[in-house]
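Numbering (my numbering), first residue to last: 31 to 235.
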DNA sequence: AAAACAGGCAACCGCTGATAA
DNA sequence: ATTATCAGCGGTTGCCTGTTT
């Protein structure tokens, strides 16, 4: 999978536009960001096809949309995932699976891409590591629904009342105070790492 | 000091569902 | 009912940077 390790690169057939050199790819420049930002400021979100064309950017509509949603949008939060967000992601993932956009809705300012990356880099790796040394930890944690708001077996209760965007910050202390060895707190996550840069002050533009 | 390695993350790709014609 | 187009989603890739050897 990881071409960094395998050295195998997947061949990609360039589209006609790409071959003609009319579509730009790769990292966005500040100029492009400004153009897109100003265009959306003046014309509003949506109609990405026309955004891509009318703004004069040599980008696809998908690229424009992604850049806006993941980076330029004013309400996008920068900086590390907080402890509360971390726990919420774990809980929501246990319930929703890889529905990143759904999970993102419960984390204001966080993008599905950000959460997905976070899960893959931080959580999934730890789960693999800890599962190899203690396979039962996860099952034990998720099956023990008394102390967690959402569990893997909590399929029927869905979103009505148990958890919602308005109640996302509740109940984390309950889990942390439990005497049980939770993989999602003890194994996964050295808390101090996540609190390092909470006050980071990134500029969007 | 330099090379190799690994992690983090932005961006791309392909697929799917919704909607309009 | 069918087809075309658009928007959104999840998976994957590849670059950049920090760490280790």
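The beta-carbon is built from N, C-alpha and C at its ideal position, and this holds for glycine as well.
Would you say the region 91-102 touches the region 56-76, given that touching needs at least three Cβ pairs under 8 Å? yes
Assumed close pair residue 54, residue 92 - CB separation to whole angstroms, cut-off 8 Å: Here residue 54 refers to the residue found at position 24 of the first chain. Here residue 92 refers to the residue found at position 62 of the first chain. The Cβ separation is near 13 Å, so there is no contact.
Pop quiz: residue 105 and residue 139 are said to be a contact at Cβ under 8 Å. What is the actual Cβ separation, rounded to whole angstroms? Residue 105 sits at position 75 when you count from the first residue of the first chain. Residue 139 sits at position 109 when you count from the first residue of the first chain. So it is a contact: roughly 5 Å between Cβ atoms.
Answer with buried or exposed for residue 151, where buried requires no fewer than 16 other C-beta atoms within 10 angstroms of its C-beta. Here residue 151 is taken as the residue at index 121 of the first chain, counted from 1. Result: exposed.
Starting from residue 81, trace the alpha helix (DSSP H) both ways and give me its first and last residue. Translated into the one-based positions of the first chain, residue 81 becomes position 51. 78-84 is the span of the alpha helix (DSSP H), which, as asked, contains residue 81.
Which class does residue 101 belong to by DSSP, given the choice of helix, strand or coil? Here residue 101 is taken as the residue at index 71 of the first chain, counted from 1. The answer is helix: DSSP assigns residue 101 an H, G or I state.
Please tell me whether residue 119 and residue 133 are closer than 8 Å, where the distance is taken between their beta carbons. Residue numbering aside, residue 119 sits at position 89 when the first chain is read from its first letter. Residue numbering aside, residue 133 sits at position 103 when the first chain is read from its first letter. The answer is yes: Cβ separation under 8 Å.
For residue 194, I'd like the list of residues in its chain whose CB is within less than 8 Å of its CB, leaving aside the five on either flank, ordered along the chain. Reading the first chain from its first residue, position 164 is the one you call residue 194. With a pLDDT of 44 at residue 194, under the threshold of 50, the modelled position of that residue is not reliable, and the figure given next carries that caveat. Within the same chain, residue 194 has close Cβ partners 136.
For residue 130, three-class secondary structure by DSSP: Within the first chain, residue 130 is the residue found at index 100, counting from 1. If DSSP states are grouped into helix, strand and coil, residue 130 belongs with the helices.
Buried or exposed (CB count within 10 angstroms, at least 16 for buried), residue 117: What you label residue 117 is simply residue 87 of the first chain in a count that begins at 1. Per the 10 Å Cβ criterion, buried.
Classify residue 73 as buried or exposed, calling it buried when 16 or more other Cβ atoms lie within 10 Å of its own Cβ. To locate residue 73, count along the first chain from 1; it is residue 43. Looking at its Cβ environment, which holds fewer than 16 other Cβ atoms inside 10 Å, residue 73 is exposed.
So for residue 96, helix, strand or coil by DSSP? By one-based count along the first chain, residue 96 stands at place 66. In this structure, residue 96 counts as helix in the three-state DSSP scheme.
Suppose you measure from the CA of residue 78 to the CA of residue 103; what does that come to, to the nearest Å? Here residue 78 corresponds to residue number 48 of the first chain, with the count starting at 1. Here residue 103 corresponds to residue number 73 of the first chain, with the count starting at 1. Each residue's Cα considered, the two are about 14 Å apart.
Taking the alpha carbon of residue 70 as the reference point, which residue from 60, 56, 58 and 94 has its own alpha carbon closest? The residue you call residue 70 lines up with position 40 of the first chain. Residue 94 is the option with its Cα nearest to residue 70.
Could you work out which residue in 115, 61, 60 and 90 is closest to residue 141 when comparing CA atoms only? Here residue 141 refers to the residue found at position 111 when the first chain is read from its first residue. The shortest C-alpha separation from residue 141 is found at 115.
Taking only the alpha-carbon atoms, compute the straight-line gap between residue 110 and residue 144 and give it to the nearest angstrom. The residue you call residue 110 lines up with position 80 of the first chain. The residue you call residue 144 lines up with position 114 of the first chain. Going by the C-alpha atoms only, they are around 10 Å apart.
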